[in-house]
Every structure is written in structure tokens, then in C-alpha cells.
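With the numbering used here as the guide, the letters of the sequence shown map in order to residues 900 to 976. Where a beta carbon is used, it is the ideal one built from N, C-alpha and C, also for glycine. Bear in mind the structure is a predicted one, so any value in this text is a computation, not a measurement. Take a look at the structure below.
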Amino acid sequence: MPLYEYECKSCGTRFEQLISDRRAKVRCKACGDPRVVRVLSTFAVISPAAEASSQAEPGPCGVCGAPQRRMCETAER
900 MPLYEYECKS
910 CGTRFEQLIS
920 DRRAKVRCKA
930 CGDPRVVRVL
940 STFAVISPAA
950 EASSQAEPGP
960 CGVCGAPQRR
970 MCETAER
């Protein structure tokens, strides 16, 4: 069953709904109004290559990979 995201034209609430039949009538979960529109849902995908490239290079800092300790805000002081 696909999961769709909707926005209510009456109150502006965004909500998700599992739909088993494309002809099913969807109503707003907050106000019950049937005037809803399906909106484009966004999602994130992280590939192993992207995950590896986003990690800090090893270095003396150990947190951010900076060449010296305590050069960044995230390092313990």
C-alpha cells in the first residue's frame, strides 16, 4: 500500500495516509474536510559512498579531522 502525503485546503494541515484504493475519499485528519490535495513528499537516501565521503578525514583532532586539536567547535576543550 502506498503512503501519500496530503494538505488540507481548509485548515492547511499536512498529513500522511495509507491508500489501498486510488479511488478512496481522503478527509483531513484535523478538521475532516474532504478538500485535500496530494503533495510531493520528500525523502533522503544515503548511499554508502556518500556516507563515507561525508565523514571527517582522520587527523589529530579526532572529531573534525583538523590537523591540530581544539581547532573546531566540536572538539572537547
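Asked                                                                                                                                                       : Found
Given valine 935, which residues of its chain have a CB within under 6 Å of its CB, disregarding the five upstream and five downstream residues?            : Tyr905, Cys907, Val925 and Cys927
In chain order, what residues of the same chain lie with their CB nearer than 7 Å to the CB of isoleucine 918, ignoring the 5 residues before and after it? : Met900, Pro901 and Tyr903
Locate the beta strand (DSSP E) running through phenylalanine 914, then write down its first and last residues.                                             : 913 to 917
Can the beta-carbon of alanine 929 be found closer than 7 Å to that of threonine 912?                                                                       : yes
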